[in-house]
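Residue numbers (my numbering), protein chains in the order written: chain A, 1 to 493; chain B, 1001 to 1451; chain C, 2001 to 2127.
Note that the Cβ used here is the ideal one computed from N, Cα and C, for glycine as well.
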Amino acid sequence: MKRRAIRSEPLFFERNPRRVQRQGYMLPALDVPEVEPTEVLPPELVREPDPDFPDISEMEVVQHFHRLSQLNYAVDEGLYPLGSCTMKYNPRLNEVTARYPGLAGIHPLQPESQVQGALRLIWELEEALKTITGMPGVTLQPAAGAHGELTGILMIRKALEARGDVRQVVLVPDSAHGTNPATAVFAGYRAVEIPSGHDGTVDLEALDRMMDETVAAVMLTVPNTLGLFEHRITEISKLVHDRGGFVYMDGANFNSFVGRALPGLMGADAMHINLHKTFSTPHGGGGPGAGPVTVSEALIPHLPVPRVTRDGDTFSLLWDDPKSIGPMRGFYGNFLILVRALTYIQSLGADGLRAMSDVAVLYANLVRHRLKGAYHLKYDAPSMHEVVFDDSVQTRHEVHNTDIAKRLLDYGFHPPTMSFPLIVHGALMIEPAESVDPEEVEAFCDAMLAIARECETDPNLVKSAPHDTPVKRVDEVRAARNLKVRWVPEESP
Amino acid sequence: MHPWIGAGDEDRRRILAELGLDSIDELFSSIPAEVCVDRLPMDDGRAENAVRSELQSMALANLSPECVPSFLGAGVYRHVSPSVVDSVLSRAEFFTSYTPYQPEISQGTLQVIFEFQTLMTRLTELEVANASLYDGATALVEAVLFSHRVLRGKRNTAVVAETIHPMYRQVLNTYADSAGIEVVTVPPGPDGRLDPDRVREAAEEPCCVAVQSPNFLGIVEDLPGLAKATQASGALAVQVVTEAASLGLLAGGGRFGFDVVCGEAQSFGVAPGFGGPHLGFFACSEKHIRQMPGRLVGESVDEEGSRAFCLTLSTREQHIRRAKATSNICTNQGLMALAATVWLESIGGHGLRRLAMSCLARTEELKRRIVEIGAPWQLAYPTSPTFNEFLLVGPGTGPELVERLANEGVLAGVPSALWDGSWPDGIVTAVTECNSAEDLDAFVCALKRVS
Amino acid sequence: MNVPADLKYGRTHEWARVEGDLVVVGISHYAQDQLGEVVYVEVPDVGFDATAAEELGTLESVKAVSEYNSPVNGEVIEVNERLEDEPNLVNEDPYGEGWLAKIKGSIEGCDLLEAAAYAAMIEAESA
């Protein structure tokens, strides 16, 4: 059988070009009298004509999205070693529980007596996250990691205000993810960079100089974006606390030490947890995620509302609290993502969560061990769950990290992260995650080694990659210079 | 060992041997001992059936609105959900992929977002729409911050209609303070509608005027008049939409000169899900594209000249601009944008119109029958135009009435007094195409019994 | 790298050319090469009061946004409107059609380098 190779798919708007009436879905029959809109609504507000897009049949819809799906790479296809993104397996059980009608179908403003199960679920996940982090408070509201960061920094701001202490600066290491400085500025602070020391962790002397009474918080990623653990973390926290500041911990890389160490013991005042990284909820092609924030005693009064409270076996919502920073979004969080995370946590349990981190770190070190002769390692400290190489060996042959990435596509693997950390030029940040089999990790290493050889023997092969993908390299300059961000029919440009 | 962990015990030993290590603990030697624990104080892992029944018991402890006539709205609506939508959402090629930073192997996701952007520009009648935001409430926040940026930070007051969903306004207050923006609220007139003159007088030089239509009370606002009043002050006009299905019948704010139309598109195929994940959207005019928050997909070509899509204008975003980004948003609601795209493409252009007409007809029918019942039940704003939601007052406070009607087997709506506002204490009742004539009968019967 | 001898250069890679009482400003060949293909140019408003060594506008490539500074003090009299549709001029003709702004001011007393010194600086930077 010859399988049709799907390389492209027309846009929805190009379907049904004659714009004839077809039906993609049968609506419930109209069993009440019809109403002429202009008789009950101001006529100038009524849309005329109908929304301008085609009607197509159900099978056309299904085929359209089936074909589009074939143009995507996905976790289910093979290793997806994006450093810091933690592309682990998305368990199918999560998808089952999140679709229970009693969870997916309920309205957030039903009377509390009708949603006791949902409130209990939130409460249980809160308890689990408190246990896992060793921190006494938590909010599940934030919709994503960056949103969690903002929530945490706003709580810190509120706590400082409550003691009449107005500060202006948030310190962020130069290795940090871009959301950290963006968050600090969004929360009304100035972001100031702390240089990394020669070993890739925070330069403690520099921090000592910079940490003064203007500094509200220090944002630290643990382990940092180089995959290195801040081994002086307790000293750092003490220094920051002694001078009246708070420690914000970016938990994007929490998956490397779950069950082995507690952020609460490290002196963190707030830490967001990307449920879509550490706790297996799907990335969905760019969300939805969830970024709960665990907090220290000092920040508990300032947690967002509404909050779930418990009295015996009855759960309620607290909507108002003058000390709270207020709500960070609508309702109580990305609830159906929370359902998935609780499913995952209950399935793995204490032993499984620890094993998860163990294998994540083991795999990263296997990659490091196998590739370190072929690719340059800027920081030679022990790696946790990810390892950061650079392309300095390959640039001698004028091959850059982006070329290596594109060549990996030909080998059937997703490339590593390259856009950061900014302090490593030409970075290749590799995070295998624990869920794949070891043979897959080894096959990835073999592909990376083969590419390293190609860089020497046939650099043009790498530089002109990919050769075997649905589309070739996309002209991003043209996309930005000649902006086309919606479909417009050709006859009416 | 666990099914979701790829390496078994022997695999681990083999890899450790290759690394020249005796124990896995050696890999964690950079973590100081004083922060370590031996094990977490929680249960060990459990089998699938045990977890299933635990989660199912929580699900069954809730009353699913599918099972009773439900008229709950106030920002979250129950609309038809074609089976196709969840079937597409369950495709691993979509739900297990990452943000499409590698266009060569992400054309599926990229084209879906491009289609979503196009759909939203058509519905809002504006030129550009982004790939999504967290939800409607944060979309309002982004719109206010966007206006502040467009006017180069010189105007620090935002005028906001009190009839924007009160929860959205609360969320705005959380953010406004740290952004140095003062929020001025304008109450509605006695008919529940916003008076353009009061908007004009609300502030000297606001950065924006934000209104919701249909508003929190279900009432359709005078968008042309409000746009004019806003433009006279040099501010940006922002329309918030919480019931996106209304756009099937009502013109998008872009037509009347609104600079931003944003809000919540949960109505387009996204489950109520106890409040999330939902789907924030944001559309604006092209001249402001560089100030727009969130991701954007653009059309281009590949090396061989074939049409191809990629993320564009990424330089506005945090991963490149860091402290100077337009927003700190990173992960957004990609899969929900897919849901909305599948939903809209299933329903179709004419279908969306018919769906909205159905909402309107059922709402008008229910309003008519409530007027027929008469005292003690009445419509709070009987002469104001509504789409599919209205405020109902009766013999008691909103929470009491909701509870008494629930005892009669009807989820009648959301108590308006859940939030402070200059509106009567009653029930915000929403009617959609999912409410059959029998549902309306049940509602009317329940009202008659509660009086 | 092309470093015309008749121009003066800022340490952040802008050039300045005196034309009567105006100073024409652009970015150097080296700077555009480092940026890569420019996709958007943000020019200052006419009338903007520019300060030497402070931000005048931004240049956007696919991968980065970079600020460019004013080499001199003075009021912006004219900006290069063509760049709105043709940002590629900055890459293709950085010393000619790709100019950015004209400022009413003088280079006297500004910390600018002669061509030879600038060429030596970029030589050192790229080594």
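The segment 1345–1414 of chain B is shown to contain whole alpha helix (DSSP H) runs of 4 or more residues at 1349–1373 and 1398–1407, in chain order.
For tyrosine 2009 of chain C, no chain A residue has a Cβ inside 7 Å of its Cβ, as the nearest lies near 25 Å away. Between glycine 284 of chain A and phenylalanine 1095 of chain B, the beta carbon gap of about 5 Å places them in contact (Cβ cut-off 8 Å). When rounded, the separation of the alpha-carbon atoms in threonine 1118 of chain B and aspartate 269 of chain A is 43 Å. Contact check for asparagine 2069 of chain C against glutamate 2114 of chain C fails: the beta carbons are separated by 8 Å or more. The residue among C:Pro2094, C:Val2076 and C:Met2121 with its C-alpha nearest the C-alpha of valine 2043 of chain C is C:Val2076.
At a cut-off of 8 Å between beta carbons, valine 2038 of chain C makes no contact with chain B.
As for any beta strand (DSSP E) of minimum length 3 sitting wholly inside the segment 63–149 of chain A, the runs are 137–139, ordered along the chain. The beta carbon of serine 1346 of chain B lies closer than 6 Å to those of Pro1082 and Val1084 in the same chain, with the five residues before and after it left out. Considering only beta carbons, the part of the segment 2048–2082 of chain C lying closer than 7 Å to chain A consists of Val2062, in chain order. With respect to glycine 117 of chain A, leucine 1060 of chain B sits close: the two C-beta atoms are nearer than 8 Å. Per DSSP, arginine 478 of chain A is one residue of the alpha helix (DSSP H) stretching across 476–481. DSSP places histidine 241 of chain A outside any beta strand (DSSP E); the residue lies instead in the alpha helix (DSSP H), whose first and last residues are 233–242. For threonine 1315 of chain B, the residues of chain C that pass the 7 Å Cβ criterion are Glu2060, Ala2064 and Val2065, in the order they occur in the chain. For methionine 266 of chain A, the neighbours in chain B by C-beta distance under 8 Å run, in chain order, Val1035.
Nearest CB-CB separation between glutamine 21 of chain A and chain B: below the 8 Å threshold.
Just measuring C-alpha positions, the residue of B:Thr1138, B:Glu1127 and B:Leu1405 sitting nearest valine 1068 of chain B is B:Leu1405. Here leucine 121 of chain A has no same chain residue with a Cβ atom under 6 Å from its own Cβ, once five neighbours each way along the sequence are excluded. Membership of methionine 429 of chain A in the beta strand (DSSP E) is indicated by the continuous run 427–430.
In the DSSP assignment, the residues bridged to serine 316 of chain A are A:Thr309. Identification of chain A residues near proline 2087 of chain C by a Cβ-Cβ cut-off of 8 Å yields Arg481, ordered along the chain. Cα atoms of serine 1106 of chain B and serine 69 of chain A: separation of roughly 9 Å, rounded to the nearest angstrom.
The beta-carbon separation of arginine 1353 of chain B and leucine 1447 of chain B, rounded to 30 Å, does not stay under the 8 Å limit for a contact. Residue-level contact by beta carbon fails for glutamate 193 of chain A and chain C, as no gap is shorter than 8 Å. In this structure, valine 1171 of chain B lies away from leucine 1194 of chain B, with their beta-carbon atoms at least 8 Å apart. For threonine 221 of chain A, not one C-beta of chain B is nearer than 8 Å to its own C-beta.
In this structure, the straight-line span from the alpha carbon of arginine 99 of chain A to that of valine 1051 of chain B is close to 14 Å. Out of B:Gly1334, B:Ser1306 and B:Arg1369, the CA that lies nearest to the CA of glutamate 9 of chain A is found in B:Ser1306.
Beta-carbon to beta-carbon, arginine 1369 of chain B and asparagine 1332 of chain B are separated by about 42 Å, too far to satisfy the 8 Å threshold. In the DSSP assignment, tyrosine 1077 of chain B falls outside any beta strand (DSSP E), carrying neither H nor E. In this structure, the alpha-carbon of histidine 376 of chain A lies about 12 Å from that of histidine 369 of chain A. Partner residues in the beta bridge of glutamine 1212 of chain B, as assigned by DSSP, are B:Val1240. When secondary structure is reduced to three states using DSSP, aspartate 2049 of chain C falls in the strand class. DSSP places threonine 278 of chain A outside both helix and strand once states are collapsed to three, so it counts as coil.
When Cβ pairs closer than 8 Å are counted between the two stretches, the segment 276–290 of chain A is seen to touch the segment 1087–1103 of chain B, the count reaching three or more. In summary, the residues of the segment 1353–1365 of chain B whose CB is separated from some CB of chain A by less than 9 Å are Arg1353, Arg1354, Leu1355, Ala1356, Met1357, Ser1358, Leu1360, Ala1361, Arg1362, Thr1363, Glu1364 and Glu1365, in the order they occur in the chain.
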